[in-house]
Amino acid sequence: MNKLINTVLATRAGFGITILRVITGLTFASHGSQKLFGLFGGYGLAGTGQWMESIGITPGYLMALLAGSAEFFGGLALVIGLLVRPAAASLIVAMLVAIFAVHIGNGFFMATNGFEYALILATISAALLVEGAGKFSLDRKIAG
Numbered sequence: 001m002n003k004l005i006n007t008v009l010a011t012r013a014g015f016g017i018t019i020l021r022v023i024t025g026l027t028f029a030s031h032g033s034q035k036l037f038g039l040f041g042g043y044g045l046a047g048t049g050q051w052m053e054s055i056g057i058t059p060g061y062l063m064a065l066l067a068g069s070a071e072f073f074g075g076l077a078l079v080i081g082l083l084v085r086p087a088a089a090s091l092i093v094a095m096l097v098a099i100f101a102v103h104i105g106n107g108f109f110m111a112t113n114g115f116e117y118a119l120i121l122a123t124i125s126a127a128l129l130v131e132g133a134g135k136f137s138l139d140r141k142i143a144g
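Residue numbers for the sequence shown follow the working numbering, so the first one is 1 and each next one is one higher.
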């Protein structure tokens, strides 16, 4: 069991990945707080759920809860550097759902609500999944 824990938490990455992890985590947590709590001009859980229902993502409330939780709690995990690989995996799934359920039909560019932003966030999350949390993280401290 210790080997599994050390494998999940271990990281060889340096300071650069820490910067990427923290900024990406803040971005995800901000978007999650829009969905869950209505902060930063978001619709909150009920409004996000209704919107998801309106575009065919059902059950909307549950999907909003899952997406918002993945973004908010996954983002916080990235910021503090705890369980970064599992958090990154959940964020990749959330971004792939966003790409294929919401953005793909709008083309690539953000100007038309395309998928470029979600793709970049998924790609950064994939890099964090591969590299781990970096030097300045709780994961590294726990794994030794």
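Heads up, the beta-carbon is just placed ideally off N, CA and C, and yes, glycines get one too.
The alpha helix (DSSP H) enclosing residue i, as first and last residue numbers
{"i": "T58", "result": "Neither: T58 is in no alpha helix (DSSP H) and is coded neither H nor E."}
{"i": "T112", "result": "First-last for T112: undefined, no H or E at that position."}
{"i": "A101", "result": "Taken as a continuous stretch (DSSP letters only), A101 belongs to no alpha helix (DSSP H), as it is neither H nor E."}
{"i": "A122", "result": "E116 to E131"}
C-beta atoms of residue i and residue j nearer than 7 Å
{"i": "A29", "j": "G68", "result": "no"}
{"i": "A13", "j": "A143", "result": "no"}
Selection from the options that minimises the alpha carbon distance to residue i
{"i": "A101", "options": "L119, A88, A87 and A111", "result": "L119"}
{"i": "S137", "options": "E53, I57 and F15", "result": "F15"}
{"i": "L36", "options": "Q50, L78 and G105", "result": "Q50"}
{"i": "I19", "options": "I142, A143, L128 and K141", "result": "L128"}
Simplified DSSP state of residue i, which is helix, strand or coil
{"i": "R21", "result": "helix"}
{"i": "R140", "result": "helix"}
{"i": "L82", "result": "coil"}
Sequence-distant residues of its chain with Cβ nearer than 7 Å to residue i (five each side left out)
{"i": "H103", "result": "N113, G114, F115 and A118"}
8 Å CB neighbourhood of residue i in its chain, flanking five on each side removed
{"i": "L126", "result": "This sequence places Ala at residue 126; Leu is not what is there. Excluding sequence neighbours, A126 sits near A88 and I92."}
Neighbourhood of residue i by C-beta, 6 Å cutoff - its chain only, sequence neighbours within 5 removed
{"i": "I17", "result": "E131 and G134"}
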